[in-house]
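Residues in the sequence shown are numbered consecutively from 879, following our numbering.
Quick reminder that beta carbons are idealized off the backbone N, C-alpha and C, glycines included.
Note sheet for the following structure.
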Amino acid sequence: MNTKKLSLLAILSSGAAALFSLTLLSFHWDISLAAFPLAALFTAAVSFFSLKKLFSEGNPCFIAVFRELLQYLPYVLLVAFVFRRAGEYGTPYVLDLVSVILWIIATGLSLVILYYLNPKHISKVSEEWASFVEKKKKERRNFNNSSLAKSAVREALSWVDALVQAVFMVLLLNIFIVQLYEIPSESMVPEFLVKDRVVVFKTLSGPKFPLSDVGLPYLKKYNRGDIVVFRNPHYSNDRKSEVRTFLSQLVYMCTLTKVNLNVDENGNQKADPLVKRVCGVQGEQLMMQDGVLYARTSSSPEFKPVEADSTWATWNLNTVRPDLKNGIRDIPLTESEYSEMLSIEEERRNFNLDDARVEFKKIASEFDGLHKKFSPKRKDGSYHKNLDISLTGEHLSVYFLTANGSQIVWNLLLEENGSEWFSSFMSGWCEKNLEFSGDLYSEANFRLNLMIKKVIGTLFVRYAQFYADENKTPDAVLSGDKTVLQCFSAAERLYYYTVILDQRNMPVFPENNEDGTPRYIPQNCYFMMGDNRFNSLDMRHSYDRWCAPLTKYDDFSVTYISDMKPQYVNRSRMLGSTAWRFWPVSRSGVPGHTGK
């Protein structure tokens, strides 16, 4: 290598940077307008100090300036690339591709030039330049010895320079090769505890240049059980949010992780990215019932348990190894609560629908008799002190029906059609032809709905007996009645189960077509859940909550508060898989199944 060849490389590098700058031209009045001037001016400065001052005029005084500018060239061009794509209108894919190719050429040539401008290798270019550089080093040492103040300033500037370059280098490494993450929540307990730190390898997962779809190809195929880091699909994926995410990441690194600007519109820290486990893969339809994950495919249409899922899914944290349990901050269910949950599920599985038909009709008939007995009071206007309660939506929840049962019964007894409503509520489902076709979730929720109705029906009849037979009013205190107390206790148990229902189970996903034919997870898409199933707001759930019926097979279904909205994640949102846990040292190693 000689100065002539090195000058040719400098010309090519500057030319590529100049062409890159032209791809950044924008005529929109937003941040994209700053992209072209930034890249063009910096490229002009590099060209001036290299092609004119160093190579044309042969002045070796500009070796250091050229070297310093070249070190920043890839980073400045990358920032300009981001500015151009941060605008309101973005850029087309073809333009992004051309920009990236030119950036790679300019960066690659600059790295070659920097290699030969290094004091260790500069003699391969010119002995004269090597002598000049060595002479300047000696002069600088002498100067530093004679002026401590200026030496301190020079040293401080060199540290700032090194820090800035390190930040940009780490940014490039984070985008394309590897990134470090700190576990923020307990959704992956016991595999990961809060503050665990992991290394995520990203190269095979098709990383892209910021705010574009241009990048490395997807080479990674995820399998069930892989622990992955991915962008949270619950948050907006528009250009504005992506710009904010990129800038917050840059600020986060520049401030040595002290400032995190990655917040939502309310100023709350975003749960983005997420760390979860792949539990469903392309071509599968999933369902979870009583904590067991089931899957089927087009070639195997029967739902079967996913045996592997039970090896990492954790439901009862009370049984986790003591050394891990000590690091867990929140145990959602106590041992007794977990046992109670299992007891309710066992009762639901054994709930006999044929016996329920007979019993529910009997309860409805008994209420009808009491309603007729109450008819004289309906003609007496002094009894019409009822509230206007609409028994729909949240008013059909087990909590509302129990807490307001006495007033609801009083209203039903006063209404001419009260008995008809109660009969529909209790036994409207009895004549339906129920066919669940292997849908364990729908069948289980239907049975749970009937279990709740049995309790509510028994309670309502008991209230009606007080009002019709004993001439009581809604103001009567019934808390001492044995039947009422038993109903309250049973309703409390079932209400507790509805609270955890969406953490414990999941409907068929993806949902079947209207004609009942199955739909499956599309190609290149995956379904993720946290191992700590009772404490993981994952791809099963929405960040919103709403009142939903327990079952579609009953027109008067009991309701509960739900956040169930399963979704899969496209591989384009997946950043990579966890390759190594490096902190704490005592549990360092390749993440797998830590053990319970």
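- 3-residue-minimum beta strand (DSSP E) runs that sit fully inside the region 1257 to 1324, ordered along the chain: No beta strand (DSSP E) of 3 residues or more sits fully in the region 1257 to 1324.
- Whole angstroms is fine: what's the gap from residue 1039's alpha carbon to residue 1045's? Using only the alpha carbons, I get a separation of about 10 Å.
- Under a three-way DSSP split, which group does residue 1245 fall into? If DSSP states are grouped into helix, strand and coil, residue 1245 belongs with the helices.
- Item | For residue 1120 and residue 1271, the rounded distance between their alpha carbons | When rounded, the distance between both Cα atoms is 38 Å.
- Query: Which value, in whole angstroms, describes the spacing of the CA atoms of residue 1167 and residue 915?
  - Reply: Near 59 Å, if we compare the C-alpha coordinates of residue 915 and residue 1167.
- Item | Closest residue to residue 1042 among 1129, 1237 and 1430 (Cα-Cα distance) | Nearest Cα to residue 1042 within the set 1129, 1237 and 1430: 1129.
- Query: Buried or exposed: which applies to residue 892, given that a residue is buried once 16 or more other Cβ atoms fall within 10 Å of its Cβ?
  - Reply: The residue in question, residue 892, is buried, as its Cβ has 16 or more Cβ neighbours within 10 Å.
- Query: Can you check whether the CB of residue 1154 is closer than 8 Å to the CB of residue 1407?
  - Reply: A distance below 8 Å separates the beta carbons of residue 1407 and residue 1154.
- Message: I'd like to check one pair, residue 1066 with residue 1441: are the Cβ atoms closer than 8 Å?
- Response: No, the Cβ-Cβ distance between residue 1441 and residue 1066 is not below 8 Å.
- Which runs of the beta strand (DSSP E) spanning at least 3 residues fall entirely within the region 1065 to 1126, listed in chain order? For the region 1065 to 1126, the continuous beta strand (DSSP E) assignments of 3+ residues that do not extend past its boundaries occur at 1075 to 1079 and 1105 to 1108, in sequence order.
- Item | residue 1092 versus residue 969: straight-line alpha-carbon distance, rounded | Cα to Cα, residue 1092 sits roughly 12 Å from residue 969.
- Rounded Cβ spacing between residue 852 and residue 901 (contact assumed at less than 8 Å): Given that the chain is displayed from residue 879 to residue 1474, the structure contains no residue 852 and the question cannot be resolved.
- Grab the span of the beta strand (DSSP E) containing residue 910 for me, first residue to last. Neither: residue 910 is in no beta strand (DSSP E) and is coded neither H nor E.
- Query: Quick one, are the C-beta atoms of residue 1064 and residue 1076 less than 8 Å apart?
  - Reply: Taking C-beta atoms as the reference points, residue 1064 and residue 1076 fail to come closer than 8 Å.
- Query: Between the C-alpha atoms of residue 1165 and residue 1427, what's the straight-line distance to the nearest angstrom?
  - Reply: Between the alpha carbons of residue 1165 and residue 1427 lies a distance of about 18 Å.
- Item | Rounded Cβ spacing between residue 1346 and residue 1252 (contact assumed at less than 8 Å) | At roughly 5 Å, the Cβ-Cβ gap stays under 8 Å, so residue 1346 and residue 1252 are in contact.
- Message: Within the continuous beta strand (DSSP E) that includes residue 1170, where are the two ends?
- Response: Taken as a continuous stretch (DSSP letters only), the beta strand (DSSP E) holding residue 1170 covers 1170 to 1174.
- Mind checking residue 1200: buried by the 16 CB within 10 Å criterion, or exposed? Answer is exposed; the Cβ neighbour count stays below 16.
- Kindly indicate which three-state DSSP category residue 1430 falls into: helix, strand or coil? If DSSP states are grouped into helix, strand and coil, residue 1430 belongs with coil.
- Local Cβ density within 10 Å of residue 1403, reported as buried at 16 or more and exposed below that: Counting Cβ neighbours within 10 Å, residue 1403 comes out buried, since at least 16 surround it.
- Own chain partners of residue 839 with C-beta closer than 7 Å, once the 5 adjacent residues on each side are dropped: The structure shown has nothing for residue 839, since the chain only spans 879 to 1474.
- Query: Is it true that the region 1182 to 1199 meets the region 1098 to 1114, where meeting means three or more beta-carbon pairs spaced less than 8 Å apart?
  - Reply: Enough Cβ pairs lie closer than 8 Å, so yes.
- Per DSSP, which residues does residue 1167 bridge with? Please list them. According to DSSP, which records beta bridges pairwise, residue 1167 is partnered with 1170.
- Would you list the residues sitting across from residue 1403 in a DSSP beta bridge? The bridge partners DSSP lists for residue 1403 are 1448.
- Task: Following the continuous beta strand (DSSP E) through residue 1058, name the residue where it begins and the one where it ends.
- Result: For residue 1058, the enclosing beta strand (DSSP E) starts and ends at 1056 to 1060.
- Item | Cα-Cα separation between residue 1235 and residue 1194, rounded to whole angstroms | Taking the straight line joining both Cα atoms gives about 35 Å.
- Item | Cα-Cα separation between residue 1456 and residue 1060, rounded to whole angstroms | Each residue's Cα considered, the two are about 11 Å apart.
- Classification of residue 886 by the beta-carbon crowding that lies within 10 angstroms, buried from 16 upward: Exposed, because fewer than 16 other Cβ atoms sit within 10 Å of the Cβ of residue 886.
- Close Cβ partners of residue 1216 (< 8 Å) along its chain, the five nearest in sequence each way excluded: Once the five neighbours on either side are set aside, the close Cβ partners of residue 1216 are 1193, 1194 and 1196.
- Given a threshold of 16 other Cβ atoms within 10 Å of its Cβ, counted over all protein chains shown, does residue 1055 qualify as buried or as exposed? That one is exposed.
- Just how far apart, CA to CA, sit residue 882 and residue 1037? Their backbone Cα atoms lie some 33 Å apart in a straight line.
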